[in-house]
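A quick write-up on the structure given underneath.
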Amino acid sequence: DAGVTQSPTHLIKTRGQQVTLRCSPISGHKSVSWYQQVLGQGPQFIFQYYEKEERGRGNFPDRFSARQFPNYSSELNVNALLLGDSALYLCASSPAGGRAFEQYFGPGTRLTVT
Amino acid sequence: SQELEQSPQSLIVQEGKNLTINCTSSKTLYGLYWYKQKYGEGLIFLMMLQKGGEEKSHEKITAKLDEKKQQSSLHITASQPSHAGIYLCGAANSGGYQKVTFGIGTKLQVIP
Numbered sequence: 029d030a031g032v033t034q035s036p037t038h039l040i041k042t043r044g045q046q047v048t049l050r051c052s053p054i055s056g057h058k059s060v061s062w063y064q065q066v067l068g069q070g071p072q073f074i075f076q077y078y079e080k081e082e083r084g085r086g087n088f089p090d091r092f093s094a095r096q097f098p099n100y101s102s103e104l105n106v107n108a109l110l111l112g113d114s115a116l117y118l119c120a121s122s123p124a125g126g127r128a129f130e131q132y133f134g135p136g137t138r139l140t141v142t
Numbered sequence: 087s088q089e090l091e092q093s094p095q096s097l098i099v100q101e102g103k104n105l106t107i108n109c110t111s112s113k114t115l116y117g118l119y120w121y122k123q124k125y126g127e128g129l130i131f132l133m134m135l136q137k138g139g140e141e142k143s144h145e146k147i148t149a150k151l152d153e154k155k156q157q158s159s160l161h162i163t164a165s166q167p168s169h170a171g172i173y174l175c176g177a178a179n180s181g182g183y184q185k186v187t188f189g190i191g192t193k194l195q196v197i198p
């Protein structure tokens, strides 16, 4: 089975622009979470979506938004980009039920803001 | 808010040597994850511990959670170059959603 996939792999944007990152979960997984990992730090939680509803939100400004589609894929949108938004953006999917604690991460999207 | 401290932050070992990485939480852990990350890549799930005193193994990697559920250690036996990478511990959220709070990571280099 395919793992979590993310697109694009790399992205370069200019300050003030908007960006959309995409994530496809493992087949059968209904939960998707987004994390931001700045160089040299651990990942920081941004959002979790389950069955198309937001279940959790981290300490990020309203410039960050996300949504989940009927096929459980997800998009992360960041508006008015700042230099500090440069990071690796990771998506993780989880199965339901007793294995819900298992989070499987994708390879990430490297965003560079200039 | 919960904080995780990992030690050491960086480790260089000779191939074949054993090593231990520690993770200390500022609060009692609901659950503790261990992940491995190659530089700039996604995270690979190693194991999750939930019960005080629990110990799990994955190939040559063993992780333990202490009885008080505030400290965990990751032990690698007979290290190999394939073990090189960044090891991250993460605290599971008890609030009903799947937020993981991560430590800063421990960078491991294994010299052949």
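Line by line, the protein sequences are chains A and B.
The first sequence begins at 29 in the numbering used here and counts up one residue at a time.
The second sequence begins at 87 in the numbering used here and counts up one residue at a time.
We treat Cβ as the ideally placed atom computed from N, Cα and C, and that holds for glycine.
Beta-carbon spacing of residue i, residue j below 9 Å
i	j	result
arginine 132 of chain A	alanine 120 of chain A	Note on identity: in this sequence residue 132 of chain A is tyrosine, with arginine being the wrong assignment. Taking 9 Å as the Cβ cut-off, tyrosine 132 of chain A and alanine 120 of chain A qualify as a contacting pair.
leucine 129 of chain B	glutamine 136 of chain B	no
tyrosine 63 of chain A	tyrosine 100 of chain A	no
tyrosine 173 of chain B	glutamine 92 of chain B	yes
alanine 177 of chain B	leucine 90 of chain B	yes
methionine 134 of chain B	phenylalanine 73 of chain A	no
leucine 132 of chain B	tyrosine 119 of chain B	yes
Burial state of residue i (16 or more Cβ within 10 Å)
i	result
proline 71 of chain A	buried
isoleucine 203 of chain B	Residue coverage of chain B in this structure runs from 87 to 198, which leaves residue 203 of chain B outside it and unanswerable.
glutamine 184 of chain B	buried
threonine 114 of chain B	exposed
histidine 144 of chain B	exposed
Cut-off 6 Å between Cβ atoms - residues of its own chain near residue i, not counting five sequence neighbours on either side
i	result
serine 61 of chain A	Gln76, Ala120
glutamate 141 of chain B	Lys150
glutamate 79 of chain A	Lys58
Residue i versus residue j - alpha carbon distance
i	j	result
glutamine 46 of chain A	threonine 140 of chain A	12 Å
glutamate 101 of chain B	glycine 189 of chain B	25 Å
leucine 49 of chain A	lysine 193 of chain B	28 Å
glycine 191 of chain B	proline 94 of chain B	9 Å
threonine 110 of chain B	glutamate 153 of chain B	13 Å
alanine 30 of chain A	proline 98 of chain A	19 Å
glycine 138 of chain B	lysine 41 of chain A	46 Å
serine 158 of chain B	valine 186 of chain B	15 Å
glutamine 162 of chain A	proline 167 of chain B	Missing from the structure shown is residue 162 of chain A; chain A here goes from 29 to 142 and no further.
Own chain, CB closer than 8 Å to residue i, minus 5 neighbours either side, in chain order
i	result
asparagine 104 of chain B	His161, Ile162, Thr163, Ala164, Ser165
leucine 39 of chain A	Val47, Leu49, Thr137, Arg138, Leu139, Thr140
arginine 43 of chain A	Leu109, Leu110, Leu111, Val141, Thr142
alanine 94 of chain A	Trp62, Ile74, Phe75, Tyr77, Glu82, Ser102, Glu103, Leu104, Asn105
Beta-carbon proximity list for residue i, same chain, < 7 Å, skipping 5 on both sides
i	result
cysteine 51 of chain A	Val32, Gln34, Val60, Ser101, Ser102, Cys119, Gly134
Contact test: residue i Cβ vs the ligand SAM heavy atom, cutoff 8 Å
i	result
glutamine 88 of chain B	Summarising the ligand content, the structure contains no ligands, and the ligand SAM is consequently not present.
For this session: Output, in sequence order along the chain, the residues in the stretch 103–136 of chain B whose CB is closer than 7 Å to any CB in chain A.
Result: Gly117, Gly126, Glu127, Gly128, Leu129, Phe131, Met134
Exercise. Going along the chain, which residues of the stretch 34–54 of chain A sit with their C-beta nearer than 7 Å to a C-beta in chain B?
Worked result: none
Problem set entry | Selection of the stretch 142–170 of chain B by Cβ proximity to chain A, strictly under 8 Å | none
Exercise. Any residues in the stretch 58–69 of chain A with a beta carbon nearer than 7 Å to a beta carbon of chain B? Which ones, in chain order?
Worked result: Ser59, Ser61, Gln69
Exercise. Using a Cβ cut-off of 9 Å, which residues of the stretch 114–140 of chain A contact any Cβ in chain B, in chain order?
Worked result: Leu116, Leu118, Cys119, Ala120, Ser122, Ala128, Phe129, Glu130, Gln131, Tyr132, Phe133, Gly134, Pro135, Gly136, Arg138
Exercise. Which residues, in order along the stretch 87–104 of chain A, keep a beta-carbon less than 9 Å from a beta-carbon of chain B?
Worked result: Asn87
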